[in-house]
Ligand SMILES: [Zn+2]
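Below is the structure:
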């Protein structure tokens with residue numbers, strides 16, 4: 140029964156979108172905040188997040204409104220401001236995509252968290268020290284991160300048909316590329332989301348059954364879209380504050396693959412030939428503040444109980460020996476010394492048999 144209800148809601152959302160109720164793909168002018176693109180043109184500009192107790196911020200976006208109608212796709216980079224390859228990839232997409240031949244509309248959020256980018260912070264937004272990707276769908280009267288989330292929900296998530304939230308290892312995280320395929324429980328919808336993850340082309344895909352189902356506290360950007368009936372994936376490609384060509388190119392190819400899947404540009408997506416499905420994952424957090432000494436590389440295979448790293452106190456004495464909770468792959472591992480109680484040190488994923 141529940142499943143049927145969900146399907147109905149998704150079908151209704153599709154009808155509403157098809158009618159262009161959001162000033163969307165069928166309209167002559169597509170607007171994201173004050174950024175307006177006429178059919179067959181592109182426009183770049185800022186969405187304002189007005190000041191409150193903090194100075195507020197603005198979010199740089201590009202709207203590429205194709206000459207031909209079609210789906211509206213959103214690609215969001217820089218939710219964490221020190222994750223660079225997705226940000227650089229969207230610059231290339233902005234140059235590559237020609238609105239005159241595009242069938243549909245592309246929304247590029249170049250740097251979702253500009254305060255974090257400018258101040259080069261890991262995880263946290265300056266001013267309120269919250270993680271933007273834990274406060275969705277946001278709150279218009281909240282702190283800076285909450286208000287940014289609200290603007291992104293209203294101006295981007297609500298106006299798109301599908302969304303990719305593009306991350307990578309933060310400036311402290313050594314990470315192999317992988318995606319999160321968020322499972323909603325609605326099989327038909329989840330099949331569409333699976334196609335989206337495959338179209339992006341990253342080989343390792345987490346089957347993610349652990350996201351909250353509460354739309355008022357969806358926490359994550361991707362999950363917010365899923366709970367609104369819109370296919371969405373979270374991708375990770377890049378690591379340790381680097382801007383390697385390989386990771387930028389993987390992000391560019393991913394965006395183009397998704398555009399092909401939804402018919403915005405000609406061609407077919409190229410899913411990975413041998414996808415690796417991860418059916419269980421655990422993030423292991425630091426039990427105390429201290430100094431982290433990783434003892435496994437990103438992508439390493441670890442056995443159950445194998446030591447993955449040591450947590451020392453500020454004098455170098457071992458506080459904790461962190462072990463793999465089960466056999467699997469080290470999807471990411473913190474690669475720099477600072478460790479704070481409750482913050483991640485590494486993530487292990489189990490490869491589905
Ligand atoms: Zn991130």
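In our numbering, the protein residues as written are 140 to 492.
The C-beta atom is built at its ideal place from N, Cα and C for all residues, glycine as well.
Exercise for the section: Grab me the residues of residue 426's own chain with a C-beta within less than 8 Å of its C-beta, minus the 5 sequence neighbours each way, in chain order. Expected result: Result list for residue 426: 450, 458, 459, 480, in chain order.
Handout entry: residue 362 beta carbon less than 8 Å from that of residue 417
Key = no
Exercise for the section: Within the same chain, show all residues whose beta-carbon is closer than 8 Å to that of residue 274, passing over the 5 residues directly before and after it, in chain order. Expected result: 281, 284, 285, 288, 358
Problem - CB of residue 246 within 8 Å of CB of residue 437, strictly - result: no
Problem - heavy atom of ligand 1 below 7 Å from residue 311 C-beta - result: no
Practice task
Output yes or no for whether 8 Å exceeds the beta carbon distance between residue 420 and residue 470.
Solution key: At a Cβ-Cβ threshold of 8 Å, residue 420 and residue 470 count as neighbours.
Handout entry: Cutoff 7 Å; reference residue 474; Cβ partners in own chain excluding five residues on either side
Key = 311, 312, 313, 379, 433
Handout entry: Assigned exposure category for residue 140 - 16 Cβ within 10 Å defines buried
Key = For residue 140, the predicted model reports a pLDDT of 42, less than 50, meaning its position is unreliable; a value from the coordinates is still stated below. With fewer than 16 Cβ atoms within 10 Å of its Cβ, residue 140 is classed as exposed.
Problem - Nearest-angstrom beta carbon gap, residue 375 and residue 306 [assumed within contact, 8 Å] - result: Cβ-Cβ separation between residue 306 and residue 375: approximately 5 Å, consistent with a contact (criterion under 8 Å).
Problem - Given residue 398 as reference, the closest of 197, 211, 179, 171 once Cα atoms are compared - result: 211
Problem - For residue 472 and residue 448, believed in contact at Cβ under 8 Å, the rounded distance - result: 7 Å
Exercise for the section: Report yes if the C-beta of residue 272 is less than 7 Å from at least one heavy atom of ligand 1; otherwise report no. Expected result: Look at residue 272: its beta carbon is less than 7 Å from one of the heavy atoms in ligand 1.
Exercise for the section: Assuming residue 252 contacts residue 209 (C-beta within less than 8 Å), just tell me the rounded distance between them. Expected result: Wrong, their Cβ atoms sit about 29 Å apart, outside the cutoff.
Exercise for the section: Report, in whole angstroms, the separation of the C-beta atoms of residue 181 and residue 198, which I expect to be a contact under 8 Å. Expected result: The pair is not a contact, with the Cβ atoms about 17 Å apart (cut-off 8 Å).
Problem - Contiguous alpha helix (DSSP H) assignments of at least 4 residues, all confined to the stretch 295-347 - result: 326-339
Practice task
Would you check if the distance between the CB atom of residue 250 and the CB atom of residue 228 is smaller than 8 Å?
Solution key: no
Exercise for the section: Return the CA-CA distance between residue 162 and residue 411, expressed in angstroms with no decimal places. Expected result: Because residue 162 sits at a pLDDT of 48, beneath the cut-off of 50, its placement in the model cannot be relied upon, and the following sentence gives the value as read from the coordinates. For residue 162 and residue 411, the distance between alpha carbons rounds to 35 Å.
Problem - Same chain, Cβ closer than 7 Å to residue 299, neighbours up to 5 away in sequence not counted - result: 211, 212, 213, 246, 369, listed in sequence order.
Practice task
Could you check if residue 495 is buried or exposed, using at least 16 other CB atoms within 10 Å of its CB as the buried criterion?
Solution key: In the structure as shown, the chain begins at 140 and stops at 492. Residue 495 is therefore absent and cannot be evaluated.
Problem - 8 Å Cβ shell around residue 318 - same chain, five flanking residues per side excluded - result: 336, 339, 341, 343, 344, 345, 372, 373, 374, 375
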